[in-house]
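**Q**
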Amino acid sequence: MSQRGDDYTSIVEAMTLINQKVNLMGVVLETSFPRKTKGTDYFCLVKIIDQSYQSRGLSVNIFTETIEKLPLVFNAGDIILLFNVRMKVHNSVVHAVFNKNFSLFALFDGKYSTTFLPYQCYLTYLHRERDEKLILGLRKWLVDHSIGTALIDFQSLKDIREGDGFNLVCKILRVVREDEWILLVWDGTDTPPVAINARLEDELETPLPLESVAVRLPRDIFCKLPPFGTVLRLTLNCGNEKLGMNVLRTNRWVKFDNLRCQLLDSLWHAAHLPTTRFCYLRDEDHIVSQRMREYDKRIKSKWGWMPLSVLPWPTHVTVTDHSEVPFVSLMRALVHPKALSDFFCYWTYC
């Protein structure tokens, strides 16, 4: 079993102690998705900050025997204690390395409270009164420092562009397992309209898909999706069957750093990259609150049910009767109790 010293080193000081073992206490900014190494271990990256180093964060490379033993961070802003990690330099960048044979970690809720029980440990964490004081100090510091989404610029789905890398704050609505893991994510906005470059004669043989996911969702699940806003398909090329059980959580807001946007069959998709980082967010995070305020404002507006691309007003190509009838989205129509079977739609051009 590993031994640990009594003192914690600040991140700034630790970055000068190359090839030495240190103990660190930091706030988690983000993590990578877990993956298997070329050997038998599993790996993930955890980026942390403290009062001494708040800009880019220190990367900690963590190796364990199984995916279950990797740190599973509940929220950005949670606190991690790291013992006997070795400071290293690679390509002129300083980082820490967690060794499965002699390092330890313990994860604590970062929200201000006087509870000091870790929600996950690697090996045995020996509780100390001194740790309580330091954890409480970090929690007090976090009250005035919103770190969950403060250091990165995040886009909405309405702003994405094909081929671009982007950072996204969204809600995971559904996790689908096909050949790879697929997340159905949403932020309350609509992706930009797409030109469909297809010939009518080709549609007879190879019709364009109507959904971004080949698996049809059960109606009871489909009816629980938001009434408007694009549900985007996000593909995770992690190739690990245990990923969903250990990492992926539905109905949680999450931040993604460095996704790739693409158009497939005239439908928007996003893909995770080896450099993608993520972390779950609390519902009270300022950017989550902002997204929900915008959604609530839109859902209460007469015009909010229309696609954002046609605002401030659609073109007057057609004239309709019953102008007093409110607009609804196609999703709202499909989940209506009377829409239980196939139906046709047609347009009359005036």
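Each number in the working numbering comes from the position in the sequence shown (counting from 1) with 702 added on. All residues carry an ideal CB built from backbone N, CA and C; glycine is no exception. Note that this is a predicted model, so its numbers are computed, not measured.
Contact check, Ser761 vs Lys749 under 8 angstroms by CB: the rounded distance?
**A** Start at 1 with the first residue of the sequence shown, and residue 761 comes out as number 59. Start at 1 with the first residue of the sequence shown, and residue 749 comes out as number 47. Between Lys749 and Ser761 the Cβ distance is about 5 angstroms, and since that is below 8 angstroms, they are a contact.
**Q** Report the start-end ranges of each beta strand (DSSP E) in the region 779-825 that is 3 residues or longer and not cut off at the edges.
**A** 781-792, 795-800, 806-810, 822-824, all fully within the region 779-825.
**Q** From Ser712 to Leu975, what distance separates their C-alpha atoms?
**A** The residue labelled residue 712 in the question sits at position 10 within the sequence shown. The residue labelled residue 975 in the question sits at position 273 within the sequence shown. Answer to the nearest angstrom: the Cα atoms are 31 angstroms apart.
**Q** I need the DSSP call for His988, collapsed to helix, strand or coil.
**A** For the purposes of this step, residue 988 is taken as the residue at position 286 of the sequence shown. Reduced to three states, the DSSP call for His988 is helix.
**Q** Can you list, in chain order, the residues of its chain whose CB lies under 8 angstroms from that of Ile923, leaving out five sequence neighbours each side?
**A** Walking along the sequence shown from the start, residue 923 turns up at place 221. Closer than 8 angstroms at the Cβ level, and outside the excluded window around Ile923, lie Arg876.
**Q** Determine, using beta-carbon pairs with one atom in the region 832-845 and one in the region 920-936, whether at least three such pairs fall under 8 angstroms.
**A** These segments do not touch.
**Q** Grab me the residues of Val775's own chain with a C-beta within less than 8 angstroms of its C-beta, minus the 5 sequence neighbours each way, in chain order.
**A** Looking up residue 775 in the sequence shown gives position 73. Around Val775: Val730, Thr733, Val748, Ile782, Leu809, Cys981, Tyr982.
**Q** If you run the structure through DSSP and keep just helix, strand and coil, what is Gly741?
**A** Position 39 of the sequence shown, counted from the first residue, corresponds to residue 741. Coil, per DSSP.
**Q** Measure the Cβ-Cβ separation of Cys872 and Asp861 and say whether it is below 7 angstroms.
**A** Sequence index remark: in the sequence shown, residue 872 carries index 170 (1-based). Sequence index remark: in the sequence shown, residue 861 carries index 159 (1-based). Cβ atoms of Cys872 and Asp861: not closer than 7 angstroms.
**Q** By the three-class DSSP mapping on this structure, what secondary structure does Tyr982 have?
**A** For the purposes of this step, residue 982 is taken as the residue at position 280 of the sequence shown. Strand at Tyr982.
**Q** Which value, in whole angstroms, describes the spacing of the CA atoms of Phe818 and Ile837?
**A** Taking the sequence shown and counting its residues from 1, the one referred to as residue 818 is at position 116. Taking the sequence shown and counting its residues from 1, the one referred to as residue 837 is at position 135. Rounded to whole angstroms, Phe818 to Ile837 spans 8 angstroms at the Cα level.
**Q** With contact counted as at least three CB pairs below 8 angstroms, one residue from each stretch, are the region 789-797 and the region 815-832 in contact?
**A** Too few Cβ pairs lie closer than 8 angstroms, so no.
**Q** For the ligand NAD, is there any heavy atom lying closer than 6 angstroms to the beta carbon of Val762?
**A** Looking for the ligand NAD in the displayed structure turns up nothing, as the structure carries no ligands at all.
**Q** Which two residues bound the contiguous alpha helix (DSSP H) that contains Glu831?
**A** In the sequence shown, residue 831 corresponds to position 129, counting from 1. Segment 831-845, the alpha helix (DSSP H) holding Glu831.
**Q** In whole angstroms, what is the alpha-carbon distance linking Glu767 and Cys823?
**A** Looking up residue 767 in the sequence shown gives position 65. Looking up residue 823 in the sequence shown gives position 121. Roughly 14 angstroms between the two C-alpha positions.
**Q** For Asp649, write down the residues that DSSP places opposite it in a beta bridge.
**A** As shown, the chain starts at 703 and ends at 1052. That puts residue 649 outside it, with no answer to give.
**Q** Could you name the residues that DSSP lists as bridge partners for Cys746?
**A** Numbered from its first residue, the sequence shown carries residue 746 at position 44. According to DSSP, which records beta bridges pairwise, Cys746 is partnered with Ile764.
**Q** Do the CB positions of Trp883 and Leu938 come within less than 7 angstroms of each other?
**A** Taking the sequence shown and counting its residues from 1, one reaches residue 883 at position 181. Taking the sequence shown and counting its residues from 1, one reaches residue 938 at position 236. The answer is yes: Cβ separation under 7 angstroms.
**Q** Apply the 10 Å Cβ neighbour rule to Pro895 and answer buried if 16 or more other Cβ atoms are within range, or exposed otherwise.
**A** Numbered from 1 along the sequence shown, position 193 holds the residue referred to as residue 895. By the 10 Å Cβ count, Pro895 comes out exposed.
**Q** Under three-state DSSP, which class holds Cys1052?
**A** One-based indexing of the sequence shown puts residue 1052 at position 350. Here the model assigns Cys1052 a pLDDT of 31, short of 50, so the residue's position is not dependable and the matter cannot be decided.
**Q** Name the two residues that bound the continuous beta strand (DSSP E) containing Glu715.
**A** Within the sequence shown, numbered from 1, the residue matching residue 715 stands at position 13. First-last for Glu715: 713-716, but that is the alpha helix (DSSP H), not the beta strand (DSSP E).
**Q** Inspect the beta-carbon positions of Asp780 and Gly812 and report whether they are closer than 7 angstroms.
**A** As a working mapping, residue 780 is identified with position 78 in the sequence shown. As a working mapping, residue 812 is identified with position 110 in the sequence shown. Cβ distance < 7 angstroms, so Asp780 and Gly812 count as in contact.
**Q** Let me confirm a value: Gly759 is counted as buried when at least 16 other C-beta atoms fall within 10 Å, else exposed. Which label applies?
**A** Indexing the sequence shown from 1 puts residue 759 at position 57. Buried, by the Cβ-count rule.
**Q** Got a sec? Which residues, its chain only, sit under 6 angstroms from Arg954 by beta carbon, not counting five neighbours each side?
**A** On the sequence shown, residue 954 is found 252 positions in, with the first residue counted as 1. The answer, listed in chain order, is Ile874, Tyr982.
**Q** Which stretch, first to last residue, makes up the alpha helix (DSSP H) that contains Arg921?
**A** Position 219 of the sequence shown, counting from 1, holds the residue named residue 921. From DSSP, the alpha helix (DSSP H) with Arg921 extends over 921-924.
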